[in-house]
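Peer 1: Counting in my numbering, the sequence shown runs from 673 upward without gaps.
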Amino acid sequence: MTISLPPLGLPFRLIDRSLFPSTCWITGEPVQPADQGLSGGVRRRLERFLGWPFCPRCGATLGPWSDLSGCRRCPARRLGVERIVRAGPLDEPLSSLVRLLKFHGRWPVAAILASWLGAALEQHAAGQVDVLAPVPLHWRRQWRRGFNQAHEIAAYAGGRLNRPVLDVLRRIRPTAPQTRTQSVTARADNLRGAFEAFTHPLLAGKRVWLVDDVCTTGATLRAAAAALRALPAGIRPASICAAVVAVADSTPIPAND
Ligand SMILES: [Zn+2]
Numbered sequence: 673m674t675i676s677l678p679p680l681g682l683p684f685r686l687i688d689r690s691l692f693p694s695t696c697w698i699t700g701e702p703v704q705p706a707d708q709g710l711s712g713g714v715r716r717r718l719e720r721f722l723g724w725p726f727c728p729r730c731g732a733t734l735g736p737w738s739d740l741s742g743c744r745r746c747p748a749r750r751l752g753v754e755r756i757v758r759a760g761p762l763d764e765p766l767s768s769l770v771r772l773l774k775f776h777g778r779w780p781v782a783a784i785l786a787s788w789l790g791a792a793l794e795q796h797a798a799g800q801v802d803v804l805a806p807v808p809l810h811w812r813r814q815w816r817r818g819f820n821q822a823h824e825i826a827a828y829a830g831g832r833l834n835r836p837v838l839d840v841l842r843r844i845r846p847t848a849p850q851t852r853t854q855s856v857t858a859r860a861d862n863l864r865g866a867f868e869a870f871t872h873p874l875l876a877g878k879r880v881w882l883v884d885d886v887c888t889t890g891a892t893l894r895a896a897a898a899a900l901r902a903l904p905a906g907i908r909p910a911s912i913c914a915a916v917v918a919v920a921d922s923t924p925i926p927a928n929d
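1) Pull up the distance between the alpha-carbon of Val757 and that of Ala896, whole angstroms please.
2) For the beta strand (DSSP E) holding Ile756, just list the boundary residues, first then last.
3) Could you give the first and the last residue of the continuous beta strand (DSSP E) run that contains Leu841?
4) Using DSSP's beta-bridge definition, name the partner residues of Pro702.
5) Collect the residues with a C-beta less than 6 Å away from any heavy atom of ligand 1 and give them in sequence order along the chain.
6) If you follow the alpha helix (DSSP H) that Val883 is part of, which residue opens it and which one closes it?
7) Residues in the same chain with beta-carbon distance under 6 Å from Val880, minus the five sequence neighbours each way, listed in chain order, please.
8) Should Ala759 and Ala792 be called a contact, given that it needs their Cβ atoms to be closer than 8 Å?
9) Are three or more beta carbon pairs between the region 889-903 and the region 830-837 nearer than 8 Å?
10) Leaving out the 5 sequence neighbours to the left and right, which residues in its chain are closer than 6 Å to Leu677 when beta-carbon positions are compared?
11) Hey, Phe726 and Leu734: beta-carbon distance below 8 Å or not?
12) According to DSSP, is Pro747 part of a helix, a strand, or is it coil?
13) Please classify His776: is it buried, with 16 or more other beta-carbons within 10 angstroms of its beta-carbon, or exposed?
14) If you drop the 5 nearest sequence neighbours on each side, which residues of the same chain put their C-beta closer than 8 Å to that of Arg843?
15) Roughly how many angstroms separate the alpha carbons of Pro761 and Val840, rounded to a whole number?
Okay, here's the thing in structure tokens:
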């Protein structure tokens, strides 16, 4: 499968090709400007990720003989959404690309991640996406980081899919970074009630897809979906799904399995 990166549009209209490096973001190999910082090897691995089967309920990678109705990891990762689509597992090179964007401020990488997520949505949910809703950061963290990576990814993916991107969620209290709260239970407690949803005329009766960069335990998606479901009847979405760039496969499998 060949994934073509779409021409840059909103909100990346200000990205000049010179902002993409002349060497691969991951391997350091020389690349052409049109490669957007990805060597052939990295691109091929990302394309392979798109072909890997994953669980539609929790996003975990599935083996070749798995049943698509659910997997062994589902009981430990309840996302609270109807289904999930991912670009790949939280593994190299996706994990490094996410880190470059999130923690090193290489924000043109958002366009690359969005291209792969958009391709995954076209592959698994063509014609089933009405609205994209990025998972927000608390304003203080966004102020420190300078951007919300989920919003940047959603905006570019929305451009590719020609679908509206609505900032209809707000993080109403700061939460400890999920990377510092390790247990599944602690992560769920950390996020419970952390979001509120705004009403919007484009939400009512629509198929809304939450967008985020990473899913580990699923606590963030579950809390964000709960906020949307708490909207009054009549202005609530018809369904809530999730589009996530990278899903961790490391969530513990329940002990009785
Ligand atoms: Zn599963």
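Beta carbons: idealized from backbone N, C-alpha and C, even for Gly.
Peer 2: With the given structure in hand:
1) Spanning the two alpha carbons is a distance of roughly 16 Å.
2) Membership of Ile756 in the beta strand (DSSP E) is indicated by the continuous run Ile756 to Pro761.
3) Leu841 -> beta strand (DSSP E) spans Leu841 to Arg843.
4) Thr695
5) After applying the 6 Å Cβ criterion, the set is Cys727, Arg729, Cys730, Ala732, Gly742, Cys743, Arg745 and Cys746.
6) Unbroken run through Val883 is the beta strand (DSSP E), Arg879 to Cys887; no alpha helix (DSSP H).
7) Val803, Ala805, Pro909 and Ile912
8) yes
9) no
10) Reliability of the predicted coordinates at Leu677 is poor, the pLDDT of 45 falling under 50, and no value is obtained from them.
11) yes
12) helix
13) exposed
14) Pro808, Leu809, His810, Trp811, Ala866 and Phe867
15) Rounded to whole angstroms, the gap between the alpha carbons of Pro761 and Val840 is 27 Å.
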